[in-house]
Amino acid sequence: MGGATTTVHAGLATATPARMPMHGRWLDRQFVKLAVLPTTVLMLCVFGLPLLFSCFLSFRGWAPELGLFDGKFVGTGNYEDLLTDPDFMGSIRLTLIYTAATVSAELICGLGIALLLNIDLPYIAIFRTLLIVPMMITPVVAAFCWKLLLDPDHGVINYWIGEHVVWLGRPETALFAVALVAVWQSAPYVAILLLAGLRSLPHEPMEAARIDGASVWQMFRHITIPLLRPYIMVAVLLRTIFEFRAFDNIYVLTGGGPANSTMTLSQFTYLASFVRFDLSLGAAASWLMLLMSMVLCVVFMSTVRRRDAN
Amino acid sequence: MAALNYVGSRRGKLLFAAGVYLALTALTVAFLFPLVWIVGLSLKTRLQVFANPPLFLWWPTLENYVAVFGRADFLQAFINSLLVSSGAVTLSLCVGVPAAYAFARFAFFGRSFLFFGLLAMRMLPPIAVLVPMYVLFSKIGLTTTRSSVILAYTTFSLPLVVWIMRGFFEDLPRELEESAWVDGASRYQAFVHVVLPLIRPGLVAASILCLQLAWNDFLFSAVLTNNATRTLPVLMAAFSGGDTGVDWGGMTASGVLVILPVIVFSFLAQRHLVAGLSSGAVKG
Numbered sequence: 103m104g105g106a107t108t109t110v111h112a113g114l115a116t117a118t119p120a121r122m123p124m125h126g127r128w129l130d131r132q133f134v135k136l137a138v139l140p141t142t143v144l145m146l147c148v149f150g151l152p153l154l155f156s157c158f159l160s161f162r163g164w165a166p167e168l169g170l171f172d173g174k175f176v177g178t179g180n181y182e183d184l185l186t187d188p189d190f191m192g193s194i195r196l197t198l199i200y201t202a203a204t205v206s207a208e209l210i211c212g213l214g215i216a217l218l219l220n221i222d223l224p225y226i227a228i229f230r231t232l233l234i235v236p237m238m239i240t241p242v243v244a245a246f247c248w249k250l251l252l253d254p255d256h257g258v259i260n261y262w263i264g265e266h267v268v269w270l271g272r273p274e275t276a277l278f279a280v281a282l283v284a285v286w287q288s289a290p291y292v293a294i295l296l297l298a299g300l301r302s303l304p305h306e307p308m309e310a311a312r313i314d315g316a317s318v319w320q321m322f323r324h325i326t327i328p329l330l331r332p333y334i335m336v337a338v339l340l341r342t343i344f345e346f347r348a349f350d351n352i353y354v355l356t357g358g359g360p361a362n363s364t365m366t367l368s369q370f371t372y373l374a375s376f377v378r379f380d381l382s383l384g385a386a387a388s389w390l391m392l393l394m395s396m397v398l399c400v401v402f403m404s405t406v407r408r409r410d411a412n
Numbered sequence: 309m310a311a312l313n314y315v316g317s318r319r320g321k322l323l324f325a326a327g328v329y330l331a332l333t334a335l336t337v338a339f340l341f342p343l344v345w346i347v348g349l350s351l352k353t354r355l356q357v358f359a360n361p362p363l364f365l366w367w368p369t370l371e372n373y374v375a376v377f378g379r380a381d382f383l384q385a386f387i388n389s390l391l392v393s394s395g396a397v398t399l400s401l402c403v404g405v406p407a408a409y410a411f412a413r414f415a416f417f418g419r420s421f422l423f424f425g426l427l428a429m430r431m432l433p434p435i436a437v438l439v440p441m442y443v444l445f446s447k448i449g450l451t452t453t454r455s456s457v458i459l460a461y462t463t464f465s466l467p468l469v470v471w472i473m474r475g476f477f478e479d480l481p482r483e484l485e486e487s488a489w490v491d492g493a494s495r496y497q498a499f500v501h502v503v504l505p506l507i508r509p510g511l512v513a514a515s516i517l518c519l520q521l522a523w524n525d526f527l528f529s530a531v532l533t534n535n536a537t538r539t540l541p542v543l544m545a546a547f548s549g550g551d552t553g554v555d556w557g558g559m560t561a562s563g564v565l566v567i568l569p570v571i572v573f574s575f576l577a578q579r580h581l582v583a584g585l586s587s588g589a590v591k592g
């Protein structure tokens, strides 16, 4: 890529010397640098510097009334506090359970919907359009809708099941409710992703298997799933990354309660930083969270790379 | 798509098709019911909202919407949402589009650094950036301003712009600019006068996707705004924060008004929705 453009540039410089004054050519050579400079600066300002500062902050005892660099150095104190705090360790466990549960439910629902939508029948596009509506809704509003549906006294769900269930007031049902909202919003997204995959699969293996007398289930199990595998991987990794940071639905529905039963890492960090204003502890918690999601990102990138190489 | 071929008889095919339609209808009803019910609640009077058993047929009223439009805090939040989302999109486009072009066309120093930086920006949890951002912004007096929210939103909209636009630039034939260069145009002239006009559909798609993400964001604006600068999702969360209260009609009406613009926008950009949100992992 680079080779081709430099050749063209050299050709340009010799072919049209009259129209290219010296300073103009210098400025022209800086084009790429100037094009990426604003992005680099903005990235460092809103992402790079804050993360470095957060690392610094996590080794300090900082309070909002202190100057930026005035916090007392506490070494790894904040990290030790967190790792010995049963609430934080419970929150790690909960986040992993929540992520695994929502992602697998989204994958199963999404795959089912995608397989149905992939059948060649008239008007199937209408269903596709309607089914993706939940993924467009503002997450806070989506959670809020479910809060009214699940309301113990006036919610329509309790009316249907005919029982007075306090969905958000009991640990088991509260976790189920926040997960349900996430699956409701994201299963259509997984479905659309996998549908794109299904549409791009080659027909030949299917035809060959059909001639050889394979059953629909055998074809699905031994041809469709293996061929779809890269798409499934991408869907799973993307959803894992986004469910790992789950916040909006939990904040609105339960705020982490009851009895920490929905206290994900994002919610824990939010409460530590912006409710108790222990920002050093929050910085340490968010760095631990960052390290965990970096592991996910590495897996993600290696998958993408492998796909690019193919 | 091919599954229909594997069902033998004509009768079997019809039954199969009926089954598929039935399953899809059931799914669609299940997935859309919460939304339909909420829209329904927003069209009920207060007595009708709490009727037991719930009303499934009634004469709709617009009184909740009228009441919402009369609320100063809702209108203020609406304007704030509009300002910060469009501000974030504009900033991300101005900054990100030239970088996306450079990514698609040139080799340069720091290319992989920038690539990984942008990927990390998109993939790492936002709360990790928000904690230090809050501290830094509060010390330079930027918290509770709309500019702080705009800056914070670029952490997700900038990578998105670069990714989407890079794809569009890569699809554009290289010969277009090369002939402009041979004709004596500078890189800048070729970019502004030849490439940008051709890339307009990409710009529209990228802006819509960023607008949607910015409009839907809750975490950043919840931390970085106050009552005067808060956005719609923050106002909605304040409505429903503790108890759901008694004004269900008003709350559902404002919820519907919050999601209406995003749904309209999303349908406009439907084709790019998934490719964009999966950030380069899947080529649209």
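Protein chains in written order, with the numbering used here: chain D, 103 to 412; chain P, 309 to 592.
Cβ atoms here follow ideal geometry from the backbone N, Cα and C, with glycine treated the same way.
Please read all numbers here as calculations on a predicted model, not as lab measurements.
Check: Pair within 8 Å by beta-carbon distance, I234 (chain D) and I567 (chain P); Outcome: no
Check: W345 (chain P) versus D:W248, D:F158 and D:T364, residue with shortest Cα-Cα distance; Outcome: D:W248
Check: Per-residue contacts from V328 (chain P) into chain D (C-beta, under 7 Å); Outcome: L218, I221 and L223
Check: Beta carbon proximity, M473 (chain P) to chain D, threshold 8 Å; Outcome: no
Check: Whole-angstrom distance between V148 (chain D) and L306 (chain P), CA atom to CA atom; Outcome: Residue 306 (chain P) lies beyond the stretch modelled for chain P, which goes from 309 to 592, so this question has no answer here.
Check: Under the three-state DSSP convention, the category F175 (chain D) falls into; Outcome: strand
Check: Sufficient close CB pairs (3 or more, under 8 Å) joining the stretch 154-173 of chain D to the stretch 478-489 of chain P; Outcome: no
Check: Residue span of the alpha helix (DSSP H) that contains G214 (chain D), given as start and end; Outcome: P188 to L219
Check: Candidates D:G214, D:F158, D:S317 and D:F349, of which the one nearest Y291 (chain D) by Cα; Outcome: D:G214
Check: Residues bridged to G492 (chain P) [DSSP beta-bridge criterion]; Outcome: Answer by DSSP bridge pairing: none, since G492 (chain P) is not bridged.
Check: Member of D:P360, D:T326, D:S160 and D:V143 whose CA lies at the smallest distance from the CA of D183 (chain D); Outcome: D:S160
Check: Interface partners of K321 (chain P) on chain D, CB under 8 Å; Outcome: By Cβ distance, chain D contributes nothing, its closest Cβ being about 10 Å from K321 (chain P), past 8 Å.
Check: Stretch-stretch touch, CB-based, cutoff 8 Å, three pairs: the stretch 444-458 of chain P with the stretch 394-410 of chain P; Outcome: yes
Check: F158 (chain D) Cβ short of 7 Å to the ligand GTP heavy atom set; Outcome: This structure simply doesn't include the ligand GTP, nor any ligand for that matter.
Check: Assigned secondary structure, G655 (chain P) (DSSP; H/G/I helix, E/B strand, else coil); Outcome: Outside the displayed span of chain P (309 to 592) sits residue 655 (chain P), for which this structure offers no information.
Check: For G192 (chain D) and G425 (chain D), the rounded distance between their alpha carbons; Outcome: Since the first residue shown for chain D is 103 and the last is 412, residue 425 (chain D) is missing from the structure and cannot be characterised.
Check: Partner residues on chain D for P406 (chain P), Cβ-Cβ distance less than 8 Å; Outcome: L136, A137, V138, P140 and T141
Check: Residue-chain proximity (S375 (chain D), chain P), Cβ-Cβ < 8 Å; Outcome: yes
Check: Residue range of the unbroken alpha helix (DSSP H) whose run includes T231 (chain D); Outcome: I226 to L233
Check: Alpha-carbon spacing of L232 (chain D) relative to N524 (chain P), whole angstroms; Outcome: 20 Å
Check: Minimum C-alpha distance to S363 (chain D) - residue among D:V143, D:F190 and D:W262; Outcome: D:F190
Check: Contacts of P481 (chain P) in chain D (Cβ-Cβ under 8 Å); Outcome: Residues of chain D passing the Cβ test: none, with the nearest at roughly 13 Å.
Check: Chain D contacts made by the stretch 338-371 of chain P, where a contact means CB separation under 8 Å; Outcome: F339, L340, P342, L343, W345, I346, L349, V357, F358, N360, P361 and P362
Check: Bridge partner(s) assigned by DSSP for G163 (chain D); Outcome: D:K174
Check: M335 (chain D) to V328 (chain P) span [Cα, whole Å]; Outcome: 26 Å
Check: 8 Å Cβ cutoff, M422 (chain D) in contact with chain P; Outcome: For chain D, the structure presents residues 103 to 412; residue 422 (chain D) sits outside this window and is missing.
Check: DSSP state of Q132 (chain D) mapped onto helix, strand, coil; Outcome: coil
Check: G395 (chain P) at chain D interface by Cβ criterion, 8 Å; Outcome: no
Check: Minimum Cβ-Cβ distance from G425 (chain P) to chain D less than 8 Å; Outcome: yes
Check: Local conformation of H266 (chain D) per DSSP, three classes; Outcome: coil
Check: Residue range of the unbroken alpha helix (DSSP H) whose run includes A334 (chain P); Outcome: R318 to S350
Check: M394 (chain D) versus V138 (chain D): straight-line alpha-carbon distance, rounded; Outcome: 30 Å
Check: Inter-residue spacing [alpha-carbon to alpha-carbon] between V401 (chain D) and M431 (chain P); Outcome: 12 Å
Check: Distance CB(Y409 (chain P))-CB(A561 (chain P)) smaller than 8 Å; Outcome: no
Check: Residue from P:T462, P:V443 and P:G510 with nearest C-alpha to M429 (chain P); Outcome: P:T462
Check: Chain D residues whose Cβ lies nearer than 9 Å to that of A432 (chain P); Outcome: Residue 432 (chain P) is actually Leu in this sequence, not Ala. Within 9 Å Cβ-Cβ: F149, L153, I343, R347, M391, L392, S395, M396 and C399.
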